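Peer 1: Each residue of the sequence shown is one higher than the last, beginning at 122 in our numbering.
We treat Cβ as the ideally placed atom computed from N, Cα and C, and that holds for glycine.
Keep in mind it's a predicted model, so treat the numbers as computed, not measured.
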Amino acid sequence: MPSSFRKQPGWGCVEFLQWALPQMGYAWPGFRRVRHRVCKRIGRRLRDLHLGDLESYRRHLEAHRSEWRVLDGFCGIPISRFGRDWRVFDCLGQEVLPRLAQAAADRGAERVEAWSIGCARGEEPYTVSAVWELMVAPSWPQLSIAVLGTDVDEEQLRRGRSGCFKASSLRELPATWRDVMFERDGTDYRIGSRFSTSVRFVRQDVREAMPGVEFDLILCRNLVLTYFSDGLRDQVLGRLAGALREGGAFVSGARERLPESCMALVPWRPELGIYRRSSPPEA
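1. Cα separation between Q129 and W149?
2. By how many angstroms is the C-alpha of W140 removed from the C-alpha of S187?
3. Distance, Cα to Cα, G363 vs E254?
4. If you run the structure through DSSP and keep just helix, strand and coil, what is G369?
5. Could you check what DSSP says for W261 in three-state terms: helix, strand or coil?
6. Please check the pair R378 and V357, which I expect to be a contact at CB under 8 angstroms, by giving their CB distance rounded to whole angstroms.
7. In this structure, how does DSSP classify C240 when only helix, strand and coil are distinguished?
8. Taking only the alpha-carbon atoms, compute the straight-line gap between S146 and Q263 and give it to the nearest angstrom.
9. Take F322 and list the residues in its own chain whose beta-carbon comes closer than 6 angstroms to its own, dropping the five residues that flank it on each side.
10. Between which two residues does the beta strand (DSSP E) containing W389 stretch?
11. Would the beta-carbon of Y310 fall within 8 angstroms of that of F316?
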């Protein structure tokens, strides 16, 4: 936490976040572990605005409603790596995607549709594409996959579209996968076209909009269930269930658990955060 927050009388950053987060639809408990990062961003904003403390910033927010969108941008926590929690992707390749491929073939579809929400720089959608190409496509040559990655941060998406990554983003990938998926580009790694052509990126806020199509696979890991307030969480989950084909797969974070109110999604591999759409969501 910036030292200026500790020295100023009145509110500290924790008190400020506990006041501000619920007004943006966020849940304070989800930010406990990442609060220092958010507080540093707010500290820089105070200096830019020439404000002396957080009580002054609160008054600024109340007087300038557009500032809430700036503050909202400080609350994004992009933590993304290729193959993050590899057990999940191994299960997708061994069990989930083959099942979804069979369902797609049975209904006469030409491709499987996947959506990665809060994709940041794109490591997750590119990993899904690689899992398909290396583990599933050989058994389903008549099918392809289309992976949509969405995020609210256009700068993160721009970096994802470039397809160029630091070595630190690859550290959870098996070495054999890294060698197949990437080409060296100086000190960086560039994703191969075999794995990038099926991925596209769109700036979108899941709180406000949906792609408007049905998906076979939706990945929403460590976002809605961790950072959103209960009311907003339930609204978004309902819309996500509605965007998933019956029998489709929903992937949350492995340590996240769906609320009991989300009855349209039933366990598939719940220890990995994988669920299945079993019935039409309630209106």
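Peer 2: Result, derived from the coordinates:
1. Reliability of the predicted coordinates at Q129 is poor, the pLDDT of 45 falling under 50, and the value obtained from them is presented with this limitation in mind. Approximately 22 angstroms between the Cα atoms of the pair.
2. C-alpha separation (whole angstroms): 17 angstroms.
3. 27 angstroms
4. strand
5. Secondary structure of W261 (DSSP, three-state): coil.
6. In this structure R378 does not touch V357 by the C-beta definition: roughly 16 angstroms separates them, more than the 8 angstroms allowed.
7. coil
8. Residue identity check: residue 146 is Gly in the sequence provided, not Ser. C-alpha separation (whole angstroms): 43 angstroms.
9. So the qualifying residues of the chain are G270, L278, G281, R282.
10. 386 to 390
11. no
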